[in-house]
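Q: I'd like to ask you about the structure that follows.
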Amino acid sequence: MPVAREVSGSPPPLSGTNPSSVLTRSEQRRIAAICRRLAEAYPETRPALHYRNPLELLIATILSARCTDRQVNRVTADIFSRFPDAASYAAASQEEMEEALKRLGFFRSKARHIRRTAAILTERWGGRVPKTMEELTELPGVGRKTANVVLGNGFGLPLGIVVDTHVARVSYRLGLTDQKLPKRIEIDLMQRIPRREWIAFSNRLIFHGRKRCRARKPDCLHCELLSLCPRQGLPPLSSSAG
1 MPVAREVSGS PPPLSGTNPS SVLTRSEQRR IAAICRRLAE AYPETRPALH YRNPLELLIA
61 TILSARCTDR QVNRVTADIF SRFPDAASYA AASQEEMEEA LKRLGFFRSK ARHIRRTAAI
121 LTERWGGRVP KTMEELTELP GVGRKTANVV LGNGFGLPLG IVVDTHVARV SYRLGLTDQK
181 LPKRIEIDLM QRIPRREWIA FSNRLIFHGR KRCRARKPDC LHCELLSLCP RQGLPPLSSS
241 AG
């Protein structure tokens, strides 16, 4: 079973391929049906994290590492009020930032990442969040997953597909990948999912992983994708039901 872990640093050279060039017609139809049913089940594609602009989304996504979105949302209203721009994050002391984040796991390292990231944003880009994968992944605490979240949801740029533990698990069970490393899972998905669907697809797969296709006891009997899913890695439905 794939476990997706994000590593910051230079992004791998990924490029999406038109699905029609690598897939059979039947697989193209199956993927189109998967996208359609996900859209029907989850018409809202905005992430569960609360944010109003790309900077807030970047901060919230950094904070979400090894935390639930609900945990992050409990603290970000106060954080965004106390630190309205990159310069204010950069000017905060380590102790002040840790105090603001102390209800979250790994708050000390996250405080360091946010302060260093904010300093770079202030010095290099006038406090603005950059719009390229290369520039984003140069920021402390920002790997390809976080960059894809910001580029897709903050700027509407489909430059990749977010691969978190939910996307890794659900895409594996759907037979869209058999890879374990996030960057390889992303390559498989980019080669299969139409580019116009990339942003919405990853968000909907996350929603689906939380609601239906859970790591333990997936709700296959009520799953909107059951007739399209090979249930890769799962026992036969008859023995897993109940």
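Letter by letter, the sequence shown follows residues 1 to 242 of full-length UniProt numbering.
We put the CB at the ideal spot given by N, CA and C, even for glycine.
Every value quoted in this text rests on a predicted model; they were computed, and no experiment measured them.
When the Cα of E98 is compared with those of A168, P84, V75 and G209, which residue comes out closest?
A: Taking the sequence shown and counting its residues from 1, one reaches residue 98 at position 98. Comparing Cα positions, the closest option is V75.
Q: Could you tell me the distance, in whole angstroms, from the CA atom of V167 to the CA atom of G209?
A: As a first step, residue 167 is located in the sequence shown; it is residue number 167 there, counting from the start. As a first step, residue 209 is located in the sequence shown; it is residue number 209 there, counting from the start. About 7 angstroms.
Q: By alpha-carbon positions, which one of L139, L151, P140 and T146 ends up nearest to T132?
A: Numbered from 1 along the sequence shown, position 132 holds the residue referred to as residue 132. That would be L151, whose Cα lies nearest to the Cα of T132.
Q: Where does G233 land, buried or exposed, given buried means 16+ other C-beta within 10 angstroms?
A: Start at 1 with the first residue of the sequence shown, and residue 233 comes out as number 233. The residue is exposed, with fewer than 16 neighbouring Cβ atoms inside 10 Å.
Q: Going by beta carbon distance, what residues of the same chain come within less than 7 angstroms of R173, once the five residues before and after it are set aside?
A: Here residue 173 corresponds to residue number 173 of the sequence shown, with the count starting at 1. Excluding sequence neighbours, R173 sits near C213, C229, R231, Q232, G233 and L234.
Q: For G160, which residues does DSSP report across the bridge?
A: Indexing the sequence shown from 1 puts residue 160 at position 160. DSSP, once it has assigned bridges, lists no residue as partnering G160.
Q: Taking 7 angstroms as the threshold (C-beta atoms), are A65 and L49 in contact?
A: Position 49 of the sequence shown, counted from the first residue, corresponds to residue 49. Position 65 of the sequence shown, counted from the first residue, corresponds to residue 65. Going by C-beta atoms, L49 is not nearer than 7 angstroms to A65.
Q: Between the region 122-142 and the region 83-94, are three or more C-beta pairs nearer than 8 angstroms?
A: yes
Q: Just to confirm my understanding: we take L157, look at its own chain, exclude 5 residues before and 5 after, and list those with CB closer than 6 angstroms. What are they?
A: To locate residue 157, count along the sequence shown from 1; it is residue 157. Cβ within range, chain order: L151.
Q: Judging by CA-CA distance, which residue of C67, R52 and I62 is the nearest neighbour of residue 243?
A: The shown model of the chain, from 1 to 242, leaves out residue 243, and the question about it has no answer.
Q: What residue from R36, R216 and G143 has the CA that sits closest to residue 264's CA?
A: Past the boundaries of the shown model lies residue 264; the chain is included only from 1 to 242, so the question cannot be answered.
Q: So what's P194 in DSSP terms, helix, strand or just coil?
A: Position 194 of the sequence shown, counted from the start, is the residue given in the question as residue 194. Three-state DSSP puts P194 in coil, outside helix and strand.
Q: Please report the distance separating the alpha-carbon of C223 from that of T177.
A: Here the question's residue 223 lines up with position 223 in the sequence shown. Here the question's residue 177 lines up with position 177 in the sequence shown. So the alpha carbons of these two residues sit roughly 19 angstroms apart.
Q: Helix or strand or just coil, what does DSSP make of V129?
A: Residue 129 sits at position 129 when you count from the first residue of the sequence shown. When secondary structure is reduced to three states using DSSP, V129 falls in the coil class, being assigned neither helix nor strand.
Q: From R184, P43 and A90, pick the residue whose C-alpha is nearest to that of L55; which is it?
A: The count along the sequence shown starts at 1 and reaches residue 55 at position 55. That would be A90, whose Cα lies nearest to the Cα of L55.
Q: Express the C-alpha separation of N73 and Q28 in angstroms, rounding to a whole number.
A: Taking the first residue of the sequence shown as position 1, residue 28 is located at position 28. Taking the first residue of the sequence shown as position 1, residue 73 is located at position 73. In a straight line, the C-alpha of Q28 is about 37 angstroms away from that of N73.
Q: Starting from the Cα of L104, find the closest Cα among I114, E135, L63 and T117 and give me that residue.
A: In the sequence shown, residue 104 corresponds to position 104, counting from 1. Of I114, E135, L63 and T117, the residue nearest in Cα terms is L63.
Q: How many Å lie between V163 and E186 at the Cα?
A: Along the sequence shown, one-based indexing puts residue 163 at 163. Along the sequence shown, one-based indexing puts residue 186 at 186. Their Cα atoms are separated by approximately 6 angstroms.
Q: Have a look at T45, A39 and G143 and flag the residue whose alpha-carbon is nearest the alpha-carbon of N203.
A: For the purposes of this step, residue 203 is taken as the residue at position 203 of the sequence shown. Among T45, A39 and G143, the Cα nearest to that of N203 is on T45.
Q: Kindly indicate if chain D contains any beta-carbon less than 7 angstroms away from that of G126.
A: No chain D is part of this structure, which consists of one protein chain only.
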